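This report refers to the structure that appears directly beneath it.
In this note's numbering, the protein residues as written are 310 to 640.
Shown next, in the form of structure tokens:
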């Protein structure tokens with residue numbers, strides 16, 4: 310009886326497609342019980358309300374075009390159990406979370422202007438860990454049916470708005486946490502040698518450090534139960550990659566100026582992991598972008614000011630003493 314009630318309450322494919330269009334998103338038809346768009350030129354398809362019935366059959370699946378076509382709607386697709394278990398500790402919270410019965414909360418939805426698609430795979434199996442999907446991709450949403458027969462959840466929540474660099478950093482940190490969890494004895498990569506910037510730099514090291522500390526003061530601390538991993542990784546990234554401060558010195562600055570504001574404080578080993586990740590992982594912005602671009606005489610670009618999202622959006626810090634909580638199994 311409950312099942313029948315749910316079926317009656319679920320919108321039809323046609324109504325759901327119209328609802329997604331009404332929210333400013335671009336749906337595309339997907340063959341029944343499949344996940345891939347097969348229409349020629351599907352990335353350029355822009356269906357309007359009047360044409361929904363012409364494009365969708367009653368048993369079709371629905372995909373949403375991501376990135377620029379849908380107002381910079383993006384999807385963080387959590388492809389394994391470990392990524393789903395750790396997601397609340399690394400990704401900004403968002404009211405828009407979907408999944409299916411055997412893969413709950415596996416899609417986190419955001420608005421992130423300028424976000425770029427990025428895939429992270431297991432270094433040994435090459436299976437997908439997590440994917441940040443943006444322009445040029447699509448994700449299947451409810452009331453579509455998965456190839457295994459499970460119904461996808463409808464996307465009803467309002468996606469959180471986050472700066473693209475911050476979201477990219479959080480997804481990268483999540484992927485690294487999964488890899489470290491799976492392979493705890495895997496050697497850590499060496500920080501890459503930085504090539505001198507070609508941009509004019511007229512700041513002496515002491516001035517750069519003072520500017521970095523002023524920036525760090527604007528960033529939200531990690532508070533147990535209100536965020537942690539993403540905020541601290543962003544702080545480490547700002548110092549090491551944004552201001553070009555040597556990792557050893559960045560660790561000292563975090564311990565002295567950032568950690569006392571955290572509740573509870575991180576251990577030196579935990580902060581060292583964050584600094585190492587910030588120094589070794591690729592980033593969307595060029596090395597030294599805060600040092601070279603955010604000068605006192607001109608304000609920072611609001612689209613890449615990671616402090617804006619850290620101060621407004623927080624995740625869940627499941628274990629304040631363990632950077633990679635232990636979980637097992639794969640999807």
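Just so you know, even glycine gets a beta-carbon here, dropped at the ideal spot from N, CA and C.
Just so it is clear, the structure is predicted and the values come from calculations on it, not from any experiment.
Among the options, nearest to residue i - alpha-carbon criterion
i, options, result
"residue 391", "348, 567, 371, 484", "484"
"residue 405", "560, 586, 463, 552", "463"
"residue 466", "526, 582, 524, 382", "382"
"residue 400", "410, 386, 446, 522", "386"
"residue 433", "321, 495, 565, 326", "495"
"residue 457", "582, 341, 321", "341"
"residue 482", "354, 544, 319", "544"
"residue 371", "327, 527, 411, 559", "327"
"residue 518", "486, 556, 530, 539", "556"
"residue 597", "514, 384, 577, 330", "514"
"residue 393", "437, 351, 357", "437"
"residue 325", "368, 343, 351, 353", "368"
"residue 582", "353, 516, 323, 538", "538"
"residue 531", "579, 322, 329", "579"
"residue 552", "588, 449, 577", "588"
"residue 554", "516, 527, 329", "516"
"residue 380", "358, 330, 321", "330"
"residue 357", "384, 389, 323, 388", "323"
"residue 526", "568, 366, 486", "568"
"residue 389", "486, 558, 321, 455", "486"
"residue 384", "449, 435, 321, 590", "449"
"residue 601", "577, 576, 548", "548"
"residue 461", "425, 435, 373", "373"
Range of the contiguous beta strand (DSSP E) that encloses residue i
i, result
"residue 567", "Where residue 567 is concerned, there is no enclosing beta strand (DSSP E), given that its DSSP letter is neither H nor E."
"residue 428", "427–430"
"residue 440", "437–442"
"residue 576", "Counting along the chain, residue 576 falls outside any beta strand (DSSP E), and DSSP gives it neither H nor E."
"residue 541", "Element bounds for residue 541: not the beta strand (DSSP E) but the alpha helix (DSSP H), 538–546."
"residue 357", "First-last for residue 357: undefined, no H or E at that position."
"residue 347", "Careful: residue 347 lies outside any beta strand (DSSP E) and carries neither H nor E."
Boundaries (first-last residue) of the alpha helix (DSSP H) holding residue i
i, result
"residue 528", "Note, residue 528: premise wrong, no alpha helix (DSSP H); not H, not E."
"residue 330", "322–331"
"residue 269", "This structure cannot settle anything about residue 269, because the visible part of the chain is limited to 310 through 640."
"residue 594", "Taken as a continuous stretch (DSSP letters only), residue 594 belongs to no alpha helix (DSSP H), as it is neither H nor E."
"residue 494", "Counting along the chain, residue 494 falls outside any alpha helix (DSSP H), and DSSP gives it neither H nor E."
"residue 559", "556–562"
Under 8 angstroms between C-beta atoms of residue i and residue j
i, j, result
"residue 375", "residue 447", "yes"
"residue 395", "residue 441", "no"
"residue 480", "residue 439", "yes"
"residue 524", "residue 586", "no"
"residue 407", "residue 451", "yes"
"residue 546", "residue 478", "yes"
"residue 378", "residue 355", "yes"
"residue 521", "residue 529", "no"
"residue 453", "residue 339", "yes"
"residue 599", "residue 584", "no"
"residue 459", "residue 398", "no"
"residue 592", "residue 566", "no"
"residue 343", "residue 445", "no"
"residue 474", "residue 319", "no"
According to DSSP, residues forming a beta bridge with residue i
i, result
"residue 375", "Residue 375 is not bridged to any residue."
"residue 419", "383, 469"
"residue 338", "371"
"residue 412", "409"
"residue 460", "454"
"residue 448", "373"
Pairing CB atoms from the stretch 351–365 with CB atoms from the stretch 415–432, are three or more of them under 8 angstroms?
Too few Cβ pairs lie closer than 8 angstroms, so no.
Can we say the stretch 347–357 touches the stretch 490–497, given the rule of at least three CB pairs closer than 8 angstroms?
Judged by Cβ distances under 8 angstroms, the stretch 347–357 makes no contact with the stretch 490–497, as fewer than three pairs qualify.
Should the stretch 322–342 be called in touch with the stretch 420–428, which here means at least 3 C-beta pairs below 8 angstroms?
Taking 8 angstroms as the limit for Cβ pairs, the verdict is that the stretch 420–428 does not touch the stretch 322–342.
With contact counted as at least three CB pairs below 8 angstroms, one residue from each stretch, are the stretch 555–574 and the stretch 426–442 in contact?
Touching, no, given that fewer than three Cβ pairs across the two stretches are closer than 8 angstroms.
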